[in-house]
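For what it's worth, UniProt numbering labels the leading residue of the sequence shown as 1, then goes sequentially. Heads up, the thing below is written out as structure tokens.
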Amino acid sequence: MSGSQDEIPPPPSSQTPTQQTPHIVSTIKLHILKKGEYDIWAMKIKHYLAHTDYLIWEVIQNRNGPVSITTDTQGQIKVLPPRTAEEILSRERERKARTTLLMALPEDHLAKFHKMADAKEMWDAIKSRSL
């Protein structure tokens with residue numbers, strides 16, 4: 001009934017529905033590799049990647065898809081930019097995998113691993129050196 005006193009209109013809101021919903025930010029601290037703790041570190045990194053983005057762990061295990069390369073007029077090899085959506089995702093996953101591994105290393109070891117070609121090579125080198 002439109003004239004009833006039981007009907008109370010809602011108070012006016014200056015916020016839009018998207019402003020009213022709380023934003024939840026989740027952070028997980030990566031375990032930093034310490035000398036003699038490779039096995040525990042590897043297990044924690046595997047679980048972290050499986051939790052956040054399993055495809056990144058697959059990149060570390062199996063390498064990423066092939067990268068398109070060409071040779072310029074001076075004979076130097078150049079990596080071509082990605083052309084397809086799949087290539088773009090593949091490169092993004094590789095970048096995320098490398099970045100995650102680098103963030104989990106002690107700062108004094110970053111230079112050793114930063115120049116490596118891909119995340120798989122980096123993982124294998126970390127395993128073999130096990131700091």
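Ideal Cβ placement from N, Cα and C applies to all residues, glycine included. Owing to the predicted nature of the structure, the values given are computational and were not obtained by experimental measurement.
Query: C-beta contact flag for residue 95 and residue 82 at 8 Å; Result: no
Query: Inside the region 73-117 only - beta strand (DSSP E) runs reaching at least 3 residues; Result: 77-79
Query: Test item: CB-CB of residue 69 and residue 59 under 8 Å; Result: no
Query: Within 8 Å, strictly: CB atoms of residue 104 and residue 30; Result: yes
Query: Rounded C-alpha distance that separates residue 110 from residue 102; Result: 6 Å
Query: Assigned exposure category for residue 122 - 16 Cβ within 10 Å defines buried; Result: buried
Query: Beta strand (DSSP E) segment containing residue 56, residue limits; Result: Not the beta strand (DSSP E): residue 56 falls in the alpha helix (DSSP H), residues 54-62.
Query: C-alpha distance - residue 56 paired with residue 88, whole-angstrom precision; Result: 14 Å
Query: Cβ-Cβ separation, residue 64 to residue 93 (assumed contact under 8 Å), whole Å; Result: 7 Å
Query: Residue 97 burial status per 10 Å Cβ neighbour count (16 or more: buried); Result: buried
Query: Beta-carbon proximity of residue 54 to residue 127, cut-off 8 Å; Result: no
Query: Exposure label - residue 40; buried when at least 16 CB within 10 Å; Result: exposed
Query: Inter-residue spacing [alpha-carbon to alpha-carbon] between residue 44 and residue 115; Result: 24 Å
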